[in-house]
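Heads up, the sequence shown stops at 388 in the numbering used here, and the numbers go up one at a time, no gaps. From the three backbone atoms N, C-alpha and C, an ideal C-beta is built for every residue, glycine too. Data block below; observations after.
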Amino acid sequence: MLVRVVKMHWMRLLLVTLLLATALVADGEITAHGVRPASAGAHPSASPTATASPSASPPPGVYADRLPRFDKPPPAVRTAAAEDGALPWVARVPTDQRVAFLTIDDGWVKHPEAAELLREAHVPVTLFLTINAISDNPEYFRTLQGLGAVIEAHTITHNKLTGLSYDAQRQEICGSADRLGELYGRRPTLFRPPFGEKDATTLRVARDCGMKAAFFWKESVNQGNVWYQDVKVVQPGDVILMHFRDQFVEDFIGALQGIKRAGLTPARLEDYFS
Ligand SMILES: [Zn+2]
């Protein structure tokens, strides 16, 4: 009798332990290195301090009627590094998740409404900034960074890189990453070459400068219109390009509407590359 009671007690203990372990795994995030508990806070969009949380209902703003609303993006699954160590060249992030990525380039035109749009839209964006374009007013982009934008590298001069020597390209890529690190407190880890033009040297230099990936795009936005390359709808993983231009308001809203039409959610590019 006593043996039976003790046995039942142990079985119950085992069952509780199993249930607890299952609950922990369900709460966690599957990573390349195993299961990371959700409480680790290493995932920026899962952090309670993230600025781009669409679940918070913002007060009605100037653009409330024109800006689409999105669900929170699913937890990111990091892209595996190439076995040969080559830098990935990406126009569409390899993912099945229903996400797309909005990237905004250069920085010559500093539209006064960009901050208000970012504040109201609550979406993650990546800014590929050119040093010579931003140096007259780096503070402008610090404001956008404070609203959740992540700043990445796009050379010093915006000159075409293809055909230039290793050292000349290194000056442009490492030089711009170093400068952006000084200005914004975070050294970029992603890179886009001017005009989306690169050669083998560009990718080698970018990797040596500490970049995790370099980017082209699948859609570009101009005058508020989304320009597609093949199919006329944004696909999961697509990288979308727009610029700091006079039509910033139309382009930003147009890009988000394109993502919404496709049934996708904007996600943070940095969450997919480590
Ligand atoms: Zn550019």
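| Item | Value |
| --- | --- |
| Near ligand 1: His225 beta-carbon under 7 Å from a heavy atom | no |
| Any C-beta of chain C under 8 Å from that of Trp203 | The chain labelled as chain C is not found in the depicted structure, where only one protein chain is given. |
| Among Phe184, Ala282, Leu317 and Gly260, the one whose alpha carbon lies nearest that of Phe305 | Leu317 |
| Range covered by the beta strand (DSSP E) that runs through Ser334 | Glu333 to Asn336 |
| Thr244 Cβ short of 7 Å to ligand 1 heavy atom set | yes |
| Distance between beta carbons of Leu216 and Pro350, contact taken as under 8 Å | No, Pro350 and Leu216 are not in contact; Cβ-Cβ is about 14 Å, not under 8 Å. |
| Extent of the continuous alpha helix (DSSP H) to which Ala228 belongs | Ala228 to Ala235 |
| Arg461 burial status per 10 Å Cβ neighbour count (16 or more: buried) | Outside the shown range of the chain (115 to 388) lies residue 461, about which nothing can therefore be said. |
| Residues that DSSP places opposite Arg206 in a beta bridge | Asp352 |
| CA nearest to the CA of Trp331, picked from Ala376, Gly277, Gly338 and Asp344 | Asp344 |
| Own chain partners of Lys326 with C-beta closer than 6 Å, once the 5 adjacent residues on each side are dropped | Thr303 and Phe387 |
| According to DSSP, residues forming a beta bridge with Val363 | Val363 pairs with nothing; no bridge assigned. |
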